[in-house]
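Participant: Mapping of the sequence shown onto mature numbering (1 follows the signal peptide of the UniProt record, and there is no 0): residues -25 to -1, 1 to 307, in sequence order.
Cβ atoms here follow ideal geometry from the backbone N, Cα and C, with glycine treated the same way.
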Amino acid sequence: MSRTRTERLVNLVICLLSTRRFLTAAQIAATVPGYEHDPDDARDHEAFQRKFERDKAELRELGVPLETGTASVFDAEPGYRIAHREYALPDIPLEPDEAAAVGIAARLWQHAGLAAAASSGLAKLRAAGVDVDPQATLGLEPMVTVDPAFAPLTAAARDRREVGFDYRVPDRDAPSRRRLQPWGVVCWRGRWYVVGHDLDRAATRCFRLSRVVGAVRVTGAPGAYQPPANEDLISHVARWSGPVERTGRATVLAAPGRAAGLRRWAVEVTAGPDGDRLVLPYADPDSLAGHLVGYGPDVRVLDPPEVREAVIQRLKEIAVRHDELAGTGGAR
């Protein structure tokens, strides 16, 4: 199944889970990215109907309880919804290490781009006068974000394709050009790194994704190289990065009862009438900003300015990506 179709199916599930009323095919087409078409064009509308029928069959084969019915006796056109009572999973007992692994995997799945498309669809439902259940899709909001270089580098490592990118280091003003045979992308101490063979230096190197400037360009054919077998990529990153010194202190305002993860991280918590002030140790303002934006409006940075500006910049980038998705109908 293609990535575009997978994202369309996920957004269709989100759409149908977000309201308890039946949604017609026309409402779904106007809401779910990937179904855009001209209903007055017979061929275009027929193509949409074929696509929608295939997707409905796919969801049912996957075990999604898709129901057909009407919102009222006056409706002539049937609609669709997902039966919440049948879709919810029963309690699954997990060991602590299993639960941690599932939690990490779920957070990685919650890609910001996908969440933006889903949020756009829910906004369209509200604009059309459809009641949206705010609790239905709480687990689908992004809790972590990944750098723009994440997707192209993971794809290149999977396909064994050489890449080129501009890379910025703290002690230099201008980024330098790098050519790499990527072996894999790993997370170390809250940051993402790509590890591979540096073609210009003829040595193993790792690069922090947040320091990649601009687009990653694929320069090689698939299967152009073979990474070393059983290579421990995390060890490469750990040796290269050294210990993290969290000498900075950031103060954020957290809404009452929210941001539990930040509360566990905080070295100081002070309750107040407008929320709780949390003091967070940090080493890199960009890394902290990437973590804070995942909490949305529940958290506001008070100090220092470098962290506040980093958060604002992250939010601007998310807004730009959201506008791009809205302008293209969520197409990739």
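Between the segment 186 to 205 and the segment 134 to 143, do at least 3 Cβ pairs fall closer than 8 Å?
Facilitator: With the cut-off at 8 Å, the segment 186 to 205 and the segment 134 to 143 touch.
Participant: Run through DSSP, which three-state label would G38 get?
Facilitator: Taking the first residue of the sequence shown as 1, we reach residue 38 at position 63. Coil.
Participant: V144 to P150, Cα distance in whole Å?
Facilitator: Here the question's residue 144 lines up with position 169 in the sequence shown. Here the question's residue 150 lines up with position 175 in the sequence shown. About 7 Å.
Participant: Using C-beta distances below 8 Å, list every residue in its chain close to A4, excluding the 5 sequence neighbours before and after it, in chain order.
Facilitator: Working through the sequence shown from its first residue, we reach residue 4 at position 29. Only Y10, E11, H12, P14, F23, F27 meet the Cβ criterion.
Participant: Nearest-angstrom Cα distance between L113 and A32?
Facilitator: As a working note, residue 113 is residue 138 in the sequence shown. As a working note, residue 32 is residue 57 in the sequence shown. Here L113 scores only 42 on pLDDT, less than 50, and its place in the model is too uncertain to base an answer on.
Participant: Would you call the CB atoms of V282 and A225 closer than 8 Å?
Facilitator: The residue labelled residue 282 in the question sits at position 307 within the sequence shown. The residue labelled residue 225 in the question sits at position 250 within the sequence shown. A contact, by the Cβ cut-off of 8 Å.
Participant: Can you find the residues in the same chain that come closer than 7 Å, C-beta to C-beta, to W158, ignoring five residues on each side of it along the sequence?
Facilitator: As a first step, residue 158 is located in the sequence shown; it is residue number 183 there, counting from the start. Excluding residues within five positions, the ones whose Cβ falls inside 7 Å are A132, V170, G171, P202, E206, L208.
Participant: Identify every run of the alpha helix (DSSP H) within the segment 237 to 270, keeping only runs that are complete inside it and at least 4 residues long; order them along the chain.
Facilitator: Complete alpha helix (DSSP H) runs here, min 4: 260 to 267.
Participant: Is D16 closer than 8 Å to L(-14) when the C-beta atoms are compared?
Facilitator: For the purposes of this step, residue -14 is taken as residue 12 along the sequence shown, with counting starting at 1. For the purposes of this step, residue 16 is taken as residue 41 along the sequence shown, with counting starting at 1. It is not a contact, given that the beta carbons lie outside the stated cut-off.
Participant: Grab me the residues of R180's own chain with a C-beta within less than 6 Å of its C-beta, minus the 5 sequence neighbours each way, in chain order.
Facilitator: On the sequence shown, position 205 is the one that residue 180 refers to. The residues are D173.
Participant: Alpha carbon to alpha carbon, what distance is there between K291 and L263?
Facilitator: Position 288 of the sequence shown, counted from the start, is the residue given in the question as residue 263. Position 316 of the sequence shown, counted from the start, is the residue given in the question as residue 291. For L263 and K291, the distance between alpha carbons rounds to 16 Å.
Participant: So if DSSP puts T278 in a beta bridge, which residue, or which two residues, is it bridged to?
Facilitator: The residue you call residue 278 lines up with position 303 of the sequence shown. The amino acid occupying residue 278 in the given sequence is Asp; Thr does not appear at that position. D278 is bridged to T226.
Participant: Taking Cβ positions, are G250 and L228 nearer each other than 8 Å?
Facilitator: As a working note, residue 250 is residue 275 in the sequence shown. As a working note, residue 228 is residue 253 in the sequence shown. Their beta carbons are under 8 Å apart, which means G250 touches L228 by this criterion.
Participant: Do you know offhand how far D273's Cα is from D261's?
Facilitator: Position 298 of the sequence shown, counted from the start, is the residue given in the question as residue 273. Position 286 of the sequence shown, counted from the start, is the residue given in the question as residue 261. Each residue's alpha carbon lies about 19 Å from the other.
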